[in-house]
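*Asks:* Residue 9 is where the sequence shown starts when you use the numbering used here, and the numbers rise one by one after that.
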Amino acid sequence: MAATGLVILFGKHVLLPIIGYTLFAWLTTLSKYLHNFVGPLFFISLLCMIVIYARDNLPAKGDGTWLANGWKILVGIHLPSGRFNAGEKVYFWAGVVVLCLISAVTGFVMLFPNFEQLRTTMQQMNIIHVVAAVPMIAMALGHIYVGTIGIEGSYGNMRDGVTDESWAKEHHELWYNEVKSGKVAAESGAAPQIQH
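Structure (structure tokens):
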């Protein structure tokens, strides 16, 4: 959605001078159709993510301290956190829930113009759609960076669905302690399995 949306939004000014009219017309048309047809699937996926991850992203004791000191991650200092740290929770609630839902709802209004929306309504939905989507894309890129090369071991943990004890203890100490004490079952959907 981000790639096709960015082509539609910025393509005329960024891509057209580089790739020319013919290729740009083809790419933009393809992007428009992909964006329109994948949008409903994005919405369904979004709802699934919210249902699956909302419980583990509720505010918890220590989140305020984590947010106040979260910058320390940039210098290699890891703060105690649960399954998701407070930064991930902000990304989930502000980005995934709020900004993505706004993008999805405004996208549906534009995708189905047969409910007698006025031209001004469609223009307003377009502006709101972009204002929600662009910061979400920026947040997602930051999240992807941190989850792949920004923090060593993160990508492998996501790819394999398991993490070793030392990584879990270093990066998510509170969650690690819950798993070790038996408060959270390591093999359940509540938390990824920890290899011993």
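Backbone N, C-alpha and C define an ideal beta-carbon position, used for all residues, glycine too.
Whole angstroms are fine: how far does the CA of residue 134 sit from the CA of residue 33?
*Replies:* Cα to Cα, residue 33 sits roughly 21 Å from residue 134.
*Asks:* Check whether the region 92 to 99 touches the region 22 to 33, counting contact only when three or more Cβ pairs, one atom from each stretch, lie closer than 8 Å.
*Replies:* Short answer: they don't touch.
*Asks:* Here's a check: name, in chain order, each residue in its chain whose Cβ is nearer than 6 Å to the Cβ of residue 156, leaving out the five neighbours to either side.
*Replies:* Excluding residues within five positions, the ones whose Cβ falls inside 6 Å are 163.
*Asks:* For residue 171, report the span of its beta strand (DSSP E) as first-last.
*Replies:* Element bounds for residue 171: 170 to 172.
*Asks:* Let me check understanding here. Comparing Cα to Cα, which of 182, 75, 77 and 101 lies closest to residue 59?
*Replies:* The shortest Cα separation from residue 59 among 182, 75, 77 and 101 belongs to 101.
*Asks:* Roughly how many angstroms separate the alpha carbons of residue 13 and residue 43, rounded to a whole number?
*Replies:* Each residue's alpha carbon lies about 7 Å from the other.
*Asks:* Determine contact between the region 107 to 116 and the region 136 to 148, defined as no fewer than three beta-carbon pairs at a distance below 8 Å.
*Replies:* Judged by Cβ distances under 8 Å, the region 107 to 116 makes contact with the region 136 to 148, as three or more pairs qualify.
*Asks:* Where does residue 174 land, buried or exposed, given buried means 16+ other C-beta within 10 angstroms?
*Replies:* The residue in question, residue 174, is exposed, as its Cβ has fewer than 16 Cβ neighbours within 10 Å.
*Asks:* Quick one: what's got a C-beta closer than 8 Å to residue 15's C-beta in the same chain, skipping five residues either side?
*Replies:* Once the five neighbours on either side are set aside, the close Cβ partners of residue 15 are 23, 35, 36 and 39.
*Asks:* In its own chain, which residues sit with a C-beta less than 6 Å from the C-beta of residue 186, not counting the 5 before and 5 after it?
*Replies:* These residues qualify, in order along the chain: 192.
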